[in-house]
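Student: The structure follows.
In the working numbering, the protein residues as written are 58 to 249.
Encoded structure:
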């Protein structure tokens with residue numbers, strides 16, 4: 058995949074699902090290294106900016122603004138040749154994995170199998186580029202790929218062990234609590 062098409066794909070897939078998911082969804086940063094807060098499902102929309110917790114520029118969770126809640130989505134995007142392609146993204150538990158495919162089940166039960174090929178970029182944990190052999194059943198994963206007919210081919214796979222995912226969720230919950238506390242202390246007061 059050339060750099061231009063990869064960049065376009067990353068931008069397009071970043072928009073799949075819950076609005077602007079942010080480019081981190083496909084760089085491996087969202088899964089592997091981003092400790093910044095994201096919006097929790099119980100937070101009121103009025104407490105969040107239009108782009109997630111705290112407004113634009115505060116990307117967090119599994120894929121940026123809204124990405125923590127994003128389970129799966131699809132978008133039609135323009136490819137480098139001026140045509141279009143379907144981009145599908147799924148976040149959930151790895152239920153099957155081999156050298157040639159990965160199946161991910163979202164928490165709402167949606168399941169997608171993606172073909173794996175030589176162009177698929179894989180990142181496991183905080184590591185740089187990995188291989189699909191480093192991914193195991195039970196891992197948490199975010200997979201994004203192109204759909205053609207009945208086949209979805211993964212372009213990017215971000216995965217982490219259940220333990221690492223739980224640790225990251227704990228850190229994120231702590232950060233969200235800190236952000237909420239800070240937001241409350243900085244809230245303007247109204248005098249009447």
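Virtual Cβ for every residue (Gly too), placed ideally from N, Cα, C. Small disclaimer: the values here were computed from a predicted structure and weren't measured.
What residues match up with residue 200 in a beta bridge as DSSP calls it?
Tutor: Here residue 200 corresponds to residue number 143 of the chain shown, with the count starting at 1. Looking at the DSSP assignment, residue 200 forms a beta bridge with 147, 214.
Student: In whole angstroms, what is the alpha-carbon distance linking residue 85 and residue 214?
Tutor: Counting from one through the chain shown, the residue named residue 85 turns up at place 28. Counting from one through the chain shown, the residue named residue 214 turns up at place 157. Any reading at residue 85 is ruled out, since the residue's pLDDT is 38, under 50, leaving its predicted position unreliable.
Student: Quick check: residue 161 and residue 144, are their CB atoms within less than 8 angstroms of each other?
Tutor: Position 104 of the chain shown, counting from 1, holds the residue named residue 161. Position 87 of the chain shown, counting from 1, holds the residue named residue 144. Going by C-beta atoms, residue 161 is not nearer than 8 angstroms to residue 144.
Student: Sorted by chain position, which residues of the same chain lie with C-beta nearer than 7 angstroms to residue 142's C-beta, five sequence neighbours on each side aside?
Tutor: For the purposes of this step, residue 142 is taken as the residue at position 85 of the chain shown. Closer than 7 angstroms at Cβ, skipping near neighbours: 134, 136, 203.
Student: For residue 164, I'd like the list of residues in its chain whose CB is within less than 7 angstroms of its CB, leaving aside the five on either flank, ordered along the chain.
Tutor: By 1-based counting over the chain shown, the position of residue 164 is 107. Within the same chain, residue 164 has close Cβ partners 128, 149.
Student: Need the endpoints of the alpha helix (DSSP H) that residue 222 sits in, please.
Tutor: Locating residue 222 in the chain shown gives position 165, counting from the first residue. Per DSSP, residue 222 belongs to the alpha helix (DSSP H) from 219–243.
Student: Compute the Euclidean distance between the alpha carbons of residue 212 and residue 245, then round it to the nearest angstrom.
Tutor: Here residue 212 corresponds to residue number 155 of the chain shown, with the count starting at 1. Here residue 245 corresponds to residue number 188 of the chain shown, with the count starting at 1. Rounded to whole angstroms, residue 212 to residue 245 spans 45 angstroms at the Cα level.
Student: For the structure I just gave you, are there three or more beta carbon pairs, one from the stretch 231–244 and one from the stretch 172–190, closer than 8 angstroms?
Tutor: No, the stretch 231–244 is not in contact with the stretch 172–190.
Student: Since residue 151 and residue 216 are thought to touch, with beta carbons under 8 angstroms apart, how far apart are those beta carbons, to the nearest angstrom?
Tutor: Numbered from 1 along the chain shown, position 94 holds the residue referred to as residue 151. Numbered from 1 along the chain shown, position 159 holds the residue referred to as residue 216. About 7 angstroms; that satisfies the 8 angstroms criterion.
Student: So, for residue 168: in the same chain, excluding its five sequence neighbours on each side, which residues have a beta-carbon less than 6 angstroms away from its beta-carbon?
Tutor: Residue 168 sits at position 111 when you count from the first residue of the chain shown. These residues qualify, in order along the chain: 162.
Student: Would you identify the three-state DSSP class for residue 193, choosing helix, strand or coil?
Tutor: The residue you call residue 193 lines up with position 136 of the chain shown. It is coil, neither helix nor strand.
Student: Does the distance from the CB of residue 197 to the CB of residue 172 come in under 8 angstroms?
Tutor: Position 140 of the chain shown, counted from the first residue, corresponds to residue 197. Position 115 of the chain shown, counted from the first residue, corresponds to residue 172. Cβ atoms of residue 197 and residue 172: not closer than 8 angstroms.
Student: Starting from the C-beta of residue 194, find all residues in its chain whose C-beta is less than 8 angstroms away, skip the five residues before and the five after it, and write them out in chain order.
Tutor: On the chain shown, position 137 is the one that residue 194 refers to. Excluding residues within five positions, the ones whose Cβ falls inside 8 angstroms are 151, 152, 153, 154.
Student: Helix, strand or coil for residue 159, going by three-state DSSP, please let me know.
Tutor: Here residue 159 is taken as the residue at index 102 of the chain shown, counted from 1. Residue 159: strand per DSSP, three-state reduction.
Student: Start and end of the beta strand (DSSP E) containing residue 178?
Tutor: Here the question's residue 178 lines up with position 121 in the chain shown. Unbroken beta strand (DSSP E) run through residue 178: 178–181.
Student: With DSSP as the reference, label residue 153 as helix, strand or coil.
Tutor: Here the question's residue 153 lines up with position 96 in the chain shown. Correct three-state label for residue 153: strand.
Student: Would residue 170 and residue 186 be called neighbours here (beta carbons separated by less than 8 angstroms)?
Tutor: The sequence position of residue 170 within the chain shown is 113, counting from 1. The sequence position of residue 186 within the chain shown is 129, counting from 1. Taking 8 angstroms as the Cβ cut-off, residue 170 and residue 186 do not qualify as a contacting pair.
Student: For the ligand MG, I want to know if residue 208 counts as a neighbour, meaning its beta carbon is within less than 7 angstroms of at least one of the ligand's heavy atoms.
Tutor: Ligands are entirely absent from the displayed structure, and the ligand MG is therefore not among its contents.
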